[in-house]
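Last residue of the sequence shown: number 749 in UniProt numbering, and the count goes up by one each step with no gaps.
Note that CB positions come from ideal geometry on N, CA and C, so glycine has one too.
Note that the structure is a prediction, hence the values are computed from the model and not measured.
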Amino acid sequence: MSDIRLLLVSLLAGLLLPLSFAQLPPWWLPLLLLSVAAVLWRHFWLGRYLAFFLSGVCWALIFHHQAMAQRLPHEHDSQVVALEGRVSALPEQTDTGWRFQLESVRVSDSGESLPDLRMHWWGGEPLVAGEWWRLEARLRRPRGMSNPGAFDYEAWLYASGTGGLGSVRSGERLSETQSSPWRDTLRTRFAKALQPVPHGQRLLALLLGDKTSLSRADWEALQATGTSHLMVISGLHVGILALTVFWLTRHLMRWGRIRWSWPQLWLSAPVALIAAGLYAWLAGFAVPVQRALLMCVLVCLTQLARRRPSALLIWLVALVVVVLFNPAAPLRAGFWLSFAAVGLLIWGLSGRLAQRGIWARWGRAQWVVYLGLWPWLVLWGMPSSVSAFLVNLVAIPCVSLVILPAALLGALLEVAFNWPTLLQVSASALDWLFSALQWIAGFSPVLHFSFPGWLAWLTALLGTLLLLSPLARLCWLPAVLCLLPLVWPSVTRPPLGAVQVTVLDVGQGLAVHVQTAQHDLLYDAGARMASGFDLGEAVVAPALQASGVARLDMLLISHADNDHAGGALAITQRLPVTKVVSGEPEQLTAALAAEPCTEQRWQWDGVDFALFPGDGVPDAAANDRSCLLQIGSGQGGVLLPGDIRRTGEYQVLAKLQPATLLLAPHHGSSSSSSYAFIRKVAPRWVVFSAGAQNRYGHPDAKVVARYRELSAEPVYTAASGAVRFTLGAHAKPQLSWRWREKARRFWHE
Numbered sequence: 001m002s003d004i005r006l007l008l009v010s011l012l013a014g015l016l017l018p019l020s021f022a023q024l025p026p027w028w029l030p031l032l033l034l035s036v037a038a039v040l041w042r043h044f045w046l047g048r049y050l051a052f053f054l055s056g057v058c059w060a061l062i063f064h065h066q067a068m069a070q071r072l073p074h075e076h077d078s079q080v081v082a083l084e085g086r087v088s089a090l091p092e093q094t095d096t097g098w099r100f101q102l103e104s105v106r107v108s109d110s111g112e113s114l115p116d117l118r119m120h121w122w123g124g125e126p127l128v129a130g131e132w133w134r135l136e137a138r139l140r141r142p143r144g145m146s147n148p149g150a151f152d153y154e155a156w157l158y159a160s161g162t163g164g165l166g167s168v169r170s171g172e173r174l175s176e177t178q179s180s181p182w183r184d185t186l187r188t189r190f191a192k193a194l195q196p197v198p199h200g201q202r203l204l205a206l207l208l209g210d211k212t213s214l215s216r217a218d219w220e221a222l223q224a225t226g227t228s229h230l231m232v233i234s235g236l237h238v239g240i241l242a243l244t245v246f247w248l249t250r251h252l253m254r255w256g257r258i259r260w261s262w263p264q265l266w267l268s269a270p271v272a273l274i275a276a277g278l279y280a281w282l283a284g285f286a287v288p289v290q291r292a293l294l295m296c297v298l299v300c301l302t303q304l305a306r307r308r309p310s311a312l313l314i315w316l317v318a319l320v321v322v323v324l325f326n327p328a329a330p331l332r333a334g335f336w337l338s339f340a341a342v343g344l345l346i347w348g349l350s351g352r353l354a355q356r357g358i359w360a361r362w363g364r365a366q367w368v369v370y371l372g373l374w375p376w377l378v379l380w381g382m383p384s385s386v387s388a389f390l391v392n393l394v395a396i397p398c399v400s401l402v403i404l405p406a407a408l409l410g411a412l413l414e415v416a417f418n419w420p421t422l423l424q425v426s427a428s429a430l431d432w433l434f435s436a437l438q439w440i441a442g443f444s445p446v447l448h449f450s451f452p453g454w455l456a457w458l459t460a461l462l463g464t465l466l467l468l469s470p471l472a473r474l475c476w477l478p479a480v481l482c483l484l485p486l487v488w489p490s491v492t493r494p495p496l497g498a499v500q501v502t503v504l505d506v507g508q509g510l511a512v513h514v515q516t517a518q519h520d521l522l523y524d525a526g527a528r529m530a531s532g533f534d535l536g537e538a539v540v541a542p543a544l545q546a547s548g549v550a551r552l553d554m555l556l557i558s559h560a561d562n563d564h565a566g567g568a569l570a571i572t573q574r575l576p577v578t579k580v581v582s583g584e585p586e587q588l589t590a591a592l593a594a595e596p597c598t599e600q601r602w603q604w605d606g607v608d609f610a611l612f613p614g615d616g617v618p619d620a621a622a623n624d625r626s627c628l629l630q631i632g633s634g635q636g637g638v639l640l641p642g643d644i645r646r647t648g649e650y651q652v653l654a655k656l657q658p659a660t661l662l663l664a665p666h667h668g669s670s671s672s673s674s675y676a677f678i679r680k681v682a683p684r685w686v687v688f689s690a691g692a693q694n695r696y697g698h699p700d701a702k703v704v705a706r707y708r709e710l711s712a713e714p715v716y717t718a719a720s721g722a723v724r725f726t727l728g729a730h731a732k733p734q735l736s737w738r739w740r741e742k743a744r745r746f747w748h749e
């Protein structure tokens, strides 16, 4: 590796290192690092590499300190504030209202400046980017749920520069935009032109990077076929556009009658960059687009300077520049997938296909990306499509060489001459492609793999690089063996006679994973929101797979309330489930085929289980019909009582056994947790599964005081994230971890 590459790698490593910190070091440390870097540069043979590394650390720390200082002040957290601000980007219409970014925010009364906010307006008025609004909203600091294997919402907010969240109560438009923002104007115009075409709005995703123009069913089809990257403005599209414009410009100059007194490259390269830049502008400069545009700029500059640096060096420079501009960018999956895809193509294709035909090269390119990205998809908890390789062989040329160029030309004709025909033809072609993708998605399985640990993952990454290298024929067997941890990851399960109980952080709801040596049970599945966000799909299923669950032996739905049963269907669609049991089976969807909760006892792997219904009266309140689960293992026990109220507690009091771990009935509501119930169970820990600052006031302060009075230690999922308890056959019960502490990074609240 040349000297410049080592320097860039050193700088990149320094930029990435602070992302592993649980807390940011003091503000003066960057100044000290700069001083050390200056000394090392001159006095040690490795000094300049260390200097670049420390400079990267210093730059990243300065950026992160500034970014954290721009978060919503604590005094405004959970407060209703009258504020003013400007709508930025394209507002997103949801099933329940509008979601949008607010910039240039200030408090109406005091004029205090606030950071950029991500707002949600339930049932609100239509908004247009660029408008100024006065809003009354409840604000909160950027906080999300914290669970193993699940999406890190707080990291996503931090990487996008969002300093707070808000829920709008009312709003008043202060002023119309003096000149409508370009993206919103074009979106309105193109949407109107595409109205005659069925599903014509899909084309807006390609033209403007407007992801809201795709329905949930569209995204599911794209995910099942591994073609999600085609339906947003990606680096591939920018690169192809730049190459097309470059080629057309050069040929027009050759065919024209005008004699040019300068090299053709001096005109064709800038024109290609301008076209790519305009297209990237339309896309809102997402990370994959930044990468493609930077690489286009670097290639053109080297061509103009008559230099021929390696593709790897250009890729590495683009990577470092993107991270320099935003050291938080690596927190987004798109950053790694975009750069990994290009890096893999450089690794797998450079200098190896000079004698092959175009179709052999195209097939090789798809195989390189398909195999090479597999470990990266596992790392980010993304599914792998079995059909992606074959589908992309056809879909990429269709979109990038036919539909997209026609759509861009059609957009230009519509804007310049008010002629929408070509735009509509492009939308029809895209609709036909989607029909084919949806048909393939109907029988194409999607595979989910759990993260096997860093050592196993790095081994698998090495295996893919070996398989894509010229050495593949010589070392294919050890390379394949390196991939086995991805397919069969090593899973640590409790020993015989022991049980692990993990209470997941699902906000105002409940989901508890119970795991023994060879069996898995899920008690409740979280909620499905009115917006369509499904906690069973987004949180519970990934957490189960992170624990190595391949099949659920029982899905136990305490009762039919949405915060307990809403995510159940998504769980059964993601994992095979042997049996579904519920206290209110008649209230659940028939697709679950739930059995009624009846009193029964059994043993799994030396652990005792007892199941019994709450109130046996048919017309009892839904909460009191909760199905209770009692677990006994060695020196400890567990009681999961659902949402039973005091009346339900008295009904089952005689059946209860003392339990080391108790899940607070009804999230700690004042209607539950009577003195008699707590004394009978005598828990050491009581877990309150409730959303942070929820509107119900759960857990009730008097209930918490009651548990403390009776020597039970409260544990809150809102503060701790997911929590895991281990009860062994012989060892003492213990609280194994609180996920928010175990996985803490400095951007977490």
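- Would you kindly work out how many angstroms separate the C-alpha atoms of Ala-159 and Trp-419, rounded to a whole number? 40 Å
- Item | Where Leu-629 sits in the DSSP three-state scheme | strand
- Rounded C-beta distance between Gly-536 and Ala-568? I'm assuming under 8 Å. 6 Å
- Can you find at least 3 beta carbon pairs, one from the segment 401–414 and one from the segment 499–507, that sit closer than 8 Å? no
- N-terminal and C-terminal residue of the alpha helix (DSSP H) that His-564 is part of: 562–565
- Item | Neighbour-count burial assignment, Ser-179, 16 or more Cβ in a 10 Å radius | Unreliable placement is indicated for Ser-179, whose pLDDT of 47 sits below 50; the coordinate value is still reported in the next sentence. Ser-179 comes out exposed.
- Query: Excluding sequence positions up to five away, which residues of its chain have a Cβ less than 8 Å from the Cβ of Trp-737?
  - Reply: Val-723 and Arg-724
- Measuring alpha carbon to alpha carbon, tell me which of Leu-496, Val-491 and Leu-465 ends up nearest Leu-481. Leu-465
- Could you tell me the boundaries of the alpha helix (DSSP H) in which Asp-152 lies? First-last for Asp-152: undefined, no H or E at that position.
- Query: Are Arg-498 and Leu-735 closer than 8 Å when you measure CB to CB?
  - Reply: Just to set this straight, residue 498 is Ala in the shown sequence, not Arg. No, they are not a contact pair.
- Query: Around the C-beta of Arg-740, are 16 or more other C-beta atoms found within 10 angstroms, so that it is buried, or is it exposed?
  - Reply: buried
- Task: Look at the alpha carbon of Ala-590 and the alpha carbon of Phe-449, and state the distance between them as a whole number of angstroms.
- Result: 29 Å
- Message: Out of Asp-534, Val-487 and His-564, which one is the CA nearest neighbour of Ala-525?
- Response: His-564
- Message: For a quick check, are the C-beta atoms of Leu-139 and Ser-108 less than 8 Å apart?
- Response: no
- Query: Of the choices Met-119, Arg-71 and Asp-534, whose alpha-carbon is the least far from that of Pro-91?
  - Reply: Met-119
- Would you call Leu-236 buried or exposed, if buried means 16 or more other Cβ atoms sit within 10 Å of its Cβ? buried
- Item | Own chain, CB closer than 6 Å to Val-617, minus 5 neighbours either side, in chain order | For Val-617, the predicted model reports a pLDDT of 49, less than 50, meaning its position is unreliable; a value from the coordinates is still stated below. Cβ within range, chain order: n/a, list empty.
- Rounded separation between Leu-471 and Ile-346 - CA only: 16 Å
- Using DSSP bridges, identify the partner residues of Pro-714. Val-686
- Task: Entirely within the segment 108–172 and at least 4 residues each: give me those alpha helix (DSSP H) ranges in chain order.
- Result: 153–159
- Query: Mind checking whether Phe-100 and Leu-72 have CB atoms under 8 Å apart?
  - Reply: no
- Task: Within the same chain, show all residues whose beta-carbon is closer than 7 Å to that of Leu-54, passing over the 5 residues directly before and after it, in chain order.
- Result: Gly-14, Leu-33, Val-36 and Ala-37
- Straight-line gap, Ala-319 to Gln-290 (C-alpha atoms, nearest Å): Residue identity check: residue 319 is Leu in the sequence provided, not Ala. Their Cα atoms are separated by approximately 10 Å.
- Could you give the uninterrupted runs of the alpha helix (DSSP H) lying entirely in the segment 406–490, keeping only those of 4 residues or more? 421–441, 454–467 and 472–487
- Query: Which residues in the same chain as Leu-230 place their Cβ atom closer than 7 Å to its Cβ, once the five residues preceding and following it in sequence are excluded?
  - Reply: Ala-395, Ile-396 and Val-399
- Query: Using CA coordinates, which residue listed in Leu-324, Asp-700, Gly-111 and Thr-717 is at the minimum distance from Val-687?
  - Reply: Thr-717
- Could you give the C-beta distance for Gln-366 and Asn-392, rounded to a whole number, given that I count them as a contact under 8 Å? 5 Å
- Message: Let's test the definition: count the other Cβ atoms within 10 Å of the Cβ of Trp-380 and tell me whether it reaches 16, buried, or not, exposed.
- Response: exposed
- Query: Among all the DSSP beta bridges, which residues are the ones paired with Ser-670?
  - Reply: Answer by DSSP bridge pairing: none, since Ser-670 is not bridged.
- Which one of Thr-516, Gly-721, Ala-530 and Ala-89 has the shortest CA to CA distance from Thr-185? Ala-89
- Message: Checking 8 Å against the spacing of the C-beta atoms, do Thr-660 and Pro-714 come in under that value?
- Response: no
- Query: What residue from Val-549, Leu-592, Ala-550 and Phe-246 has the CA that sits closest to Ala-570's CA?
  - Reply: Leu-592
- Query: Out of Lys-655, Lys-680, Leu-640 and Pro-658, which has the shortest C-alpha to C-alpha gap to Gly-668?
  - Reply: Leu-640
- To the nearest angstrom, how far is it from the Cα of residue 773 to the Cα of Leu-628? Beyond the ends of the chain as shown, which are 1 and 749, falls residue 773; an answer cannot be given.
- Item | Whole-number beta carbon distance between Ala-22 and Phe-746, since they are thought to touch under 8 Å | 6 Å
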